[in-house]
Amino acid sequence: MNQTELIQGIQSLRQKRNAIILAHNYQRGEIQDLADMVGDSLELSRRAAQTDAEVIVFCGVHFMAETAALLCPGKKVLIPDPQAGCAMAAMLTVRQLRRLKAEHAGAVVVCYVNSTAAVKADSDVCCTSANAVKVVASISEDRDVIFVPDRCLGDYVQRQLGRDLILWEGYCPTHHRIVLDDILKLKEEHPQAVAAVHPECTRDVLDAADFVGSTSGILKFCHDSSAGEFIIGTEMGMIHRLKKESPDRQFYQVGRFSDCPDMKLVTPEKVLWSLENLEFEVTVAPDVADAARRSVQRMVDVS
Ligand code: CIZ
Ligand code: SF4
Numbered sequence: 006m007n008q009t010e011l012i013q014g015i016q017s018l019r020q021k022r023n024a025i026i027l028a029h030n031y032q033r034g035e036i037q038d039l040a041d042m043v044g045d046s047l048e049l050s051r052r053a054a055q056t057d058a059e060v061i062v063f064c065g066v067h068f069m070a071e072t073a074a075l076l077c078p079g080k081k082v083l084i085p086d087p088q089a090g091c092a093m094a095a096m097l098t099v100r101q102l103r104r105l106k107a108e109h110a111g112a113v114v115v116c117y118v119n120s121t122a123a124v125k126a127d128s129d130v131c132c133t134s135a136n137a138v139k140v141v142a143s144i145s146e147d148r149d150v151i152f153v154p155d156r157c158l159g160d161y162v163q164r165q166l167g168r169d170l171i172l173w174e175g176y177c178p179t180h181h182r183i184v185l186d187d188i189l190k191l192k193e194e195h196p197q198a199v200a201a202v203h204p205e206c207t208r209d210v211l212d213a214a215d216f217v218g219s220t221s222g223i224l225k226f227c228h229d230s231s232a233g234e235f236i237i238g239t240e241m242g243m244i245h246r247l248k249k250e251s252p253d254r255q256f257y258q259v260g261r262f263s264d265c266p267d268m269k270l271v272t273p274e275k276v277l278w279s280l281e282n283l284e285f286e287v288t289v290a291p292d293v294a295d296a297a298r299r300s301v302q303r304m305v306d307v308s
């Protein structure tokens, strides 16, 4: 089967199954191009909740498909490769979270969306990188706040708010491969370029950037900016979308190692198989789902 036949096969199966294909901003270019919508995890889950489609093929990693399943009860949520996990989400188990909560009784728990549904269920409120500062700011100053699992995003939030948070040691291995030296080198080579980076990067990288934001934030920043050249410090799948939306501008990826191996597990062939076999369904146990949905809903209410 050549590429054209593959895409045609996906399109006809999508209709037959009454399915919608959602792709995260970090997916391979060819997946972004065949999807009904490309976005960040929350934008995609919200879109999933609004659709009439019965089947959602979520091209992303497991926690994202879980979030879609939480927000879309009654729909079948499929992930094309069940091995696509998130290294950061795997860095915090519910047992570890419970131990941390026991050490800080009374603290409010904020969990980054990059966490399992079970961790979300054991947290008070969820956040994304787009609204983390807003979510924490909504918590009364006299309460302690535990922020999990990303230490870098938590550190960014505490510096933005001038407020100490109790942090966990989780991190994104992909964003940690975006290093200061590579940004500085690009800035030297392209003195007119402005640098936009993701808050999962380390503090020295954030301090060297002109803008810090989520993938949706970086897209908006570049779109609204009058600059013609950008240095981009996030997972490299973003460059595809940025170039596609602004073909007349230059985007320079920081370093050559910032690809997320889990995001790249999804291929067009696997999307076809997913639609063909209605695999691999992602579900969340009802008791966990109810509690996790409450955390996500609290985030939606404050942001
Ligand atoms: O929430 C998302 O989609 C993630 C993990 C990244 C981002 O900044 O959009
Ligand atoms: Fe997880 Fe990092 Fe991959 Fe995002 S880029 S899915 S945080 S490992």
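Residue numbers for the sequence shown follow our numbering, beginning at 6 and rising by one.
C-beta atoms are modelled at their ideal positions from N, C-alpha and C, and glycine is treated no differently.
Sequence-distant Cβ neighbours of Leu-11 in its own chain, meaning closer than 8 Å and more than five residues away, are Pro-273, Glu-274 and Leu-277.
In chain order, Gln-163 place their CB closer than 8 Å to the CB of Asp-169, counting only its own chain and leaving out the 5 sequence neighbours on each side. Secondary structure in the region 220–298: the beta strand (DSSP E) runs of 3 residues or longer, each lying completely within the stretch, are 234–238 and 255–258 in chain order.
Partner residues in the beta bridge of Ala-200, as assigned by DSSP, are Ile-236. Sequence-distant Cβ neighbours of Glu-59 in its own chain, meaning closer than 8 Å and more than five residues away, are Arg-22, Asn-23, Ala-24, Lys-80 and Lys-81. Pairing Phe-235 with Leu-211, the inter-Cα distance amounts to about 15 Å.
Going by beta carbons, Val-130 and Ile-151 fall outside the 9 Å limit. With 16 or more other Cβ atoms inside 10 Å of its own Cβ, Gly-242 counts as buried.
Counted as a single uninterrupted DSSP element, the stretch harbouring Ala-28 is not any alpha helix (DSSP H) but the beta strand (DSSP E) occupying residues 24–29.
Within the chosen limit of 8 Å, ligand 2 does not reach the beta carbon of Val-184 with any heavy atom.
Residue state for Lys-80 is assigned as coil, using DSSP reduced to three classes. Taking 9 Å as the cut-off, the Cβ atoms of Ser-221 and Glu-48 count as close. If you draw a 10 Å sphere on the C-beta of Glu-71, you find 16 or more other C-beta atoms in it, and that means buried. By the C-beta criterion, the region 91–99 is judged to be in contact with the region 111–127, since at least 3 inter-stretch pairs fall below 8 Å. Under the three-state reduction of DSSP output, Leu-172 falls in the strand class. With a cut-off of 8 Å, the C-beta of Thr-72 is classified as distant from ligand 2, since no heavy atom of the ligand falls inside that distance. Secondary structure within the region 52–114: the beta strand (DSSP E) runs of 3 or more consecutive residues, fully enclosed, are 60–64 and 81–83 (chain order). Near ligand 1, residues with a Cβ at less than 7 Å from any of the ligand's heavy atoms are His-29, Asn-30, Asp-45, Ser-46, Leu-47, Met-69, Val-118, Asn-119, Thr-133, Ser-134, Ala-135, His-203, Ser-219, Thr-220 and Ser-221; the list follows chain order. The beta carbon of Cys-77 sits closer than 6 Å to the beta carbons of Ala-53 and Ala-54 from its chain, once the five residues preceding and following it are set aside; these are given in chain order. Taking a cut-off of 8 Å on C-beta distances, the region 223–239 touches the region 247–261, as three or more cross pairs fall below it. Here DSSP, grouped into helix, strand and coil, assigns Met-6 to coil.
The alpha-carbon separation between Ala-297 and Tyr-117 amounts to approximately 12 Å.
Around the C-beta of Arg-148, fewer than 16 other C-beta atoms lie within 10 Å, and the residue is accordingly described as exposed. The C-beta separation of Thr-179 from Cys-265 comes to about 4 Å, placing the pair in contact by the 8 Å criterion.
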